[in-house]
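Numbering (my numbering), first residue to last: 64 to 321.
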Amino acid sequence: MTRREQAYNKKLQELIERTGKLEDREVRKVMAMLERAREQVAARIAESEWQAYFIPQLKEGIQTAIEGFRQQYMAGQREALGNTWNAGIDAVDSPLQFVGVRLVAPEIGREVLEIMQGYSADLIQGLSADTLKKVNNEITLGIMGQKPQHEVMKAVGRNLKDKSVFSSIFHRAETITRTEMGRVNSNSREARMRAVVETGTDPEMKWQKKWISSGKAHPRDHHAALDGVVVDLDEDFPGGIPYPHAPGLPAEETVNCG
């Protein structure tokens, strides 16, 4: 491996790690948002008179807390997806520039990003609706006498680590955050690669792509086996994978893929 190749790979690895930290940071933000919502819900349940007369007010307060979470999560995720889209472009441009390769390519359109942001918003909307439904179910069981108030409080949990309604919701939120950020990053990187190749000045140049593992824990076995595999740009990686998170791949290939 030449010094230039070593420099290129070092720069690329820095960007991969930076993108991973961006994703981890967003997950922590979501955890904090959801914990605030859980605290608000728990406080409303603890403070309310446990009688049917007060249940509408209780549910209204809980709905307000969950709606606040939804709005914060949706706004934060939209911004995060924009950031990871730019990081995907940077993963193509910066290593080339770092080793002195000057390729001028047109800006790639952001229409796909906007579609993905809309899809992510739909997932968050569904997650919030499920959260509200599960909490309201617990309250209904309590008011019907099938669960004492302390059992309803237990279902809400003392924190996100408890086995509770909110812990299960957080695991889903983490999956949405990581998967959609990975999907956006991968798609912008692929689009930028295509733009660079299409504007290349040497028609005889042979372009290839290499699978690079993110280094995250518990990768899929067949994804880990692809680490370092190089194929021509227009070929699929073994297993029929054009690139990570490519459109059309089943969920078992994409969910939580790094």
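By construction, the Cβ of each residue, glycine as well, lies at the ideal position given by its N, Cα and C atoms.
Note that the structure is a prediction, hence the values are computed from the model and not measured.
query, result
"Between the CA atoms of LYS269 and LEU190 - distance to the nearest angstrom", "45 Å"
"Euclidean distance between Cα positions of SER183 and ASP193", "15 Å"
"Spatial distance of ASN319 from ILE304 (CA atoms)", "16 Å"
"Residue ranges of each alpha helix (DSSP H) within the segment 280 to 321, 4 or longer", "284 to 287 and 314 to 317"
"Own chain partners of LYS226 with C-beta closer than 8 Å, once the 5 adjacent residues on each side are dropped", "GLY220"
"Uninterrupted beta strand (DSSP E) stretches inside the segment 77 to 146 (no shorter than 3 residues)", "none"
"Host alpha helix (DSSP H) of LYS210 (start-end)", "No alpha helix (DSSP H) holds LYS210; DSSP gives it neither H nor E."
"Enclosing beta strand (DSSP E) for LYS272 [first to last residue]", "271 to 273"
"Beta-carbon proximity list for THR240, same chain, < 6 Å, skipping 5 on both sides", "GLU89, VAL90 and VAL93"
"Pairwise C-alpha distance: GLY263 and ALA128", "52 Å"
"VAL167 vs ARG67 beta-carbon contact at 9 Å", "no"
"Closest by C-alpha distance to MET96, when choosing among THR65, MET137, LEU78 and VAL259", "MET137"
"Whole-angstrom distance between ASP299 and LYS122, CA atom to CA atom", "51 Å"
"Whether VAL362 touches VAL247 by CB criterion (9 Å)", "Here the chain comprises residues numbered 64 to 321, so residue 362 is not present and cannot be evaluated."
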